[in-house]
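See structure below.
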């Protein structure tokens, strides 16, 4: 799929990204997750394939076995790739694309922008599809 001419809908269904966004993300990650030429199978795990494996895993149920079978690689390899790609996204791309207001004035401005754009009050942003575990306070357990 990565090297072929798959329809755009297949990209979105498989990776939750259009092909152009996928390729842009791969290009941004290339310096950090490019294959190691010293590895015996470095050609089999291109930057694009590592990103595809990670996004495929993250898009649905998060099954290592299902992802490994889909890409024809070992489960432990899938686990290593997902860890490598996610760490590099957080470390290198996170600071570029995700930032929190640093002052109260910035926060109030973001809240006002979010309310005027989306009609949600007392919020300054959201991340779609995220699940944040919230631990019950000890005194309430």
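Residue numbers (this note's numbering): 88 to 228.
Ideal Cβ positions, reconstructed from N, Cα and C, are used throughout, including at glycine.
Computed from a predicted model, the values in this text were never measured in an experiment.
Per DSSP, the continuous alpha helix (DSSP H) segment holding residue 111 begins and ends at 106-120.
Fully enclosed alpha helix (DSSP H) runs of no fewer than 4 residues occupy 162-175, 181-184 and 191-205 of the region 158-219, in order along the chain. Short of 8 Å from the beta carbon of residue 197, and not among the five residues preceding or following it, lie these beta carbons of its own chain, in chain order: 188, 211 and 212. Here the region 93-105 makes no contact with the region 113-123; the two share fewer than three CB pairs at distances below 8 Å. Shown here for residue 120: same chain residues with a beta carbon closer than 7 Å to its own, the five before and five after excluded, namely 134, 137, 171, 172 and 175 in chain order.
When the alpha-carbon of residue 104 is set against those of 190, 199, 142 and 125, the nearest one is in 142. Rounded to the nearest angstrom, the Cβ distance from residue 131 to residue 102 is 19 Å, too far for a contact under 8 Å. Apart from the 5 residues on each side of it in sequence, residue 168 sits with its Cβ closer than 6 Å to the Cβ of 137 and 140 in its chain, given in chain order. Listed in chain order, the non-local C-beta contacts of residue 152 below 7 Å within the same chain comprise 162, local neighbours out to five positions each way being set aside. Secondary structure of residue 222 (DSSP, three-state): coil. DSSP, reduced to helix, strand and coil, places residue 148 outside both helices and strands of the structure shown, so it counts as coil. In the structure shown, the three-state DSSP call for residue 128 is coil. For residue 149, the closest of 202, 127 and 165 by C-alpha to C-alpha distance is 165. Boundaries of the alpha helix (DSSP H) harbouring residue 101: 95-102, taken from the DSSP string.
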